[in-house]
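Data block below; observations after.
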Amino acid sequence: MKSMKTSVMNALISACLFGISAPLAKAFLAEIEPVMMASFLYLGSGLGLVVVMLVQGAVSEKSHIEARLDQHDLPWLLGATLSGGIAAPIALMLGLKHTPAATASLLLNFEGTATVLIAAIVFREAMSPRIWTAVVLVTLASILLSLETKGEFGFSPGAFGVVCACVLWGIDNNLTRQISSKDPITIVMVKGIIAGIFSLIVALIVRGDSMPGLMLVGLSLLTGFVCYGLSIVFFIRAMRALGSARTSAYFASAPFIGAAVSFVIFRESLNMFFTISVPFMVLGVILLFNEKHSHLHTHLEIEHEHIHDHDDDHHNHFHTDTEDNGRHSHSHRHEYIIHEHKHTPDTHHRHRHEE
243 MKSMKTSVMN ALISACLFGI SAPLAKAFLA EIEPVMMASF LYLGSGLGLV
293 VVMLVQGAVS EKSHIEARLD QHDLPWLLGA TLSGGIAAPI ALMLGLKHTP
343 AATASLLLNF EGTATVLIAA IVFREAMSPR IWTAVVLVTL ASILLSLETK
393 GEFGFSPGAF GVVCACVLWG IDNNLTRQIS SKDPITIVMV KGIIAGIFSL
443 IVALIVRGDS MPGLMLVGLS LLTGFVCYGL SIVFFIRAMR ALGSARTSAY
493 FASAPFIGAA VSFVIFRESL NMFFTISVPF MVLGVILLFN EKHSHLHTHL
543 EIEHEHIHDH DDDHHNHFHT DTEDNGRHSH SHRHEYIIHE HKHTPDTHHR
593 HRHEE
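The opening residue of the sequence shown carries number 243 in the working numbering; numbering runs sequentially from there.
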C-alpha cells in the first residue's frame, strides 16, 4: 500500500532526525546546562513550527489542509503535554542524578517497550506474534547498542525515575495517537511551547542556571526545531497509519543514527556491540515492513474529520463542490460496512481482535 510505505518512511525520517539530536546536543552541553538545553530544544520545536505555519499561510490561503483540533481533542493534548512534556523530563532529571550513566542509557530503551505495552494492553492495539517478535528484536538491538564494557552499572532508586520517565513518554505517545488524525504541526507546536516554557522556568528560577550566548541559544533552538519539532511531526503522521506500537518500533532505530553521527562528528569508535546489534535491528524492521494483516472486519457508522482523499475504499462520500480533488479535510460520514482487506491499526482500523 502506498500509504503504508509513506508511513514507514515518515517513521524512519522521524528516527533519523531525532537520532542526530543526541550528538548535536552533546556539543552544546559543554556550554549549556542540561535543563536549560532541554528548554531550548522544546521551545525550538514549538517556535520553529510557528514560523512554518506563518510561511504556509503567507504562501497560500489553502495551504492548511489538515483537520484542526477541536474541544474533544484538548483532553488528549493536555494529557500528552503533561505526561511527555512536563512530568517525564522531571522524572528523568531526578533519576539521572542518582543513576550510573551506563544504566540510564540501557533503561532509556524502555520507552519503546512501554509504548508497545500500553498500546496493546490499555488501547487494545492489534499485535500479532510477528509484531511482538519484531518489537523484541528492535528492543534487544537498542539495548545491545547501549552496552558499555567500561561503564558503571547499578540499580538504585534513581533508576526507578528513569523507568518512570519512559513510561510517561509511552503514555504521551499513545495519547498523541488518539489525535494523530488532526494537524500534527499544531499538536507539536502547542506541546513544544508549553514544555519549553516550563523547562525554562525550572532552569532559570528553580535551578538558577545562567543564559548562554545568543549564538548558542539560536543553534539550540534550530536543533530543537529540526530534531524535535519536525521529527515528532513525522512521528505523528506515521502513527496515523501504523499505530503507536509499530511506529515506536521503527523509531527505535534512532540510536543507530545517533551512533553513526557521533562517529562522523566526534570520531567516536563504533564498538563491537554496534556490529552485533545491527542484524537484530534489520531483521526487526523487515518483519515490521512485510507484515500482512487481513481478515473480515466491521466498520461502524461514524462521522469524523481528518485529512483524506478518495483513492481508497473508505472515503466514497460525494462533494457538492469541486474541492474534492487531492487531499483535503472536512467532517464526513462513514457508512456501516463489512469487508476484508489488508490493513494496519490506522485511523479507520482500530477495531478489537478476539484472537
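For each residue, glycine too, the CB sits at the ideal point set by N, CA and C.
Buried or exposed (CB count within 10 angstroms, at least 16 for buried), Ser575: Correcting the residue type first, residue 575 is Arg in the shown sequence and not Ser. Flag for Arg575 reads exposed.
Identity of the residues DSSP links to Arg482 by a beta bridge: Residue pairing by DSSP places Arg482 opposite no residue, since no beta bridge is assigned to it.
Same chain, Cβ closer than 6 Å to Pro497, five either side skipped, listed in chain order: These residues qualify, in order along the chain: Ser384 and Leu387.
Local conformation of Arg634 per DSSP, three classes: Lying before the first or after the last residue shown, residue 634 is absent from the chain, which here runs from 243 to 597.
Close beta carbons around Leu379, own chain, < 6 Å, minus the five adjacent residues each side: In chain order, Phe522, Leu525 and Gly526 place their CB closer than 6 Å to the CB of Leu379, counting only its own chain and leaving out the 5 sequence neighbours on each side.
Cys406 to Ala300 span [Cα, whole Å]: 42 Å
Backbone CA spacing between Phe477 and Met431 [nearest angstrom]: 14 Å
Option nearest Gly286 by Cα separation, candidates Pro454, Ile435, Ala487 and Arg488: Ile435
Separation of Phe365 from Ala272, as counted between CA atoms: Distance between the alpha carbons of Ala272 and Phe365: 41 Å.
Of the residues Pro454, Tyr284 and Phe531, the one placed nearest Thr465, counting alpha carbons only: Comparing Cα-Cα distances from Thr465 to each of Pro454, Tyr284 and Phe531, the minimum goes to Tyr284.
For Val404, the three-state DSSP class (helix, strand or coil): helix
Element boundaries [alpha helix (DSSP H), containing Val292]: Pro276 to Val301
Distance, Thr418 Cα to Val377 Cα: Distance from the CA of Val377 to the CA of Thr418, rounded to the nearest whole angstrom, comes to 20 Å.
Contact under 8 Å by Cβ, Ser422 with Met514: no
Boundaries (first-last residue) of the alpha helix (DSSP H) holding Leu446: Here Leu446 belongs to no alpha helix (DSSP H), and DSSP marks it neither H nor E.
Beta carbon of Cys469 nearer than 8 Å to that of Ile262: A contact, by the Cβ cut-off of 8 Å.
Gly321: first and last residue of the uninterrupted alpha helix (DSSP H) it sits in: First-last of the alpha helix (DSSP H) with Gly321: Leu316 to Ala322.
Ala361, DSSP secondary structure in three states: helix
Straight-line Cα distance separating Leu461 from Pro265: 13 Å
Met453, enclosing alpha helix (DSSP H) - first and last residue: Per DSSP, Met453 belongs to no alpha helix (DSSP H) and is neither H nor E.
Touching by the beta-carbon criterion (3+ pairs, under 8 Å), the segment 446-455 and the segment 354-361: no
Distance between Ile518 and Val293 (C-alpha atoms, nearest Å): 42 Å
Start and end residues, alpha helix (DSSP H) containing Phe531: Met514 to Phe531
Whole-number beta carbon distance between Asp315 and Lys424, since they are thought to touch under 8 Å: The pair is a contact, with the Cβ atoms about 6 Å apart (cut-off 8 Å).
Cα-Cα separation, Glu597 to Ala361: In this prediction, Glu597 scores a pLDDT of 43, lower than 50, which makes its location untrustworthy; the coordinate-derived value is nonetheless stated afterwards. Taking the straight line joining both Cα atoms gives about 16 Å.
Neighbourhood of Gly500 by C-beta, 7 Å cutoff - its chain only, sequence neighbours within 5 removed: Gly261, Ile262, Ala264 and Pro265
Ala483 versus Ala368, Leu442, Val404 and Ile443, residue with shortest Cα-Cα distance: Ala368
From Ala502, Ala491, Ile427 and Gly412, residue whose alpha carbon lies closest to that of Gly471: Ile427
Assumed close pair Gly403, Leu336 - CB separation to whole angstroms, cut-off 8 Å: 5 Å
Ser422, DSSP secondary structure in three states: coil
Cut-off 7 Å between Cβ atoms - residues of its own chain near Ser245, not counting five sequence neighbours on either side: Ala483
Reduced DSSP secondary structure (H/G/I, E/B, other) of Ser473: Looking at Ser473 - three-state DSSP - the assignment turns out to be helix.
Ala269: first and last residue of the uninterrupted alpha helix (DSSP H) it sits in: Element bounds for Ala269: Ser263 to Phe270.
Same chain, Cβ closer than 7 Å to Ala437, five either side skipped, listed in chain order: Tyr284, Thr323, Gly327 and Ile328
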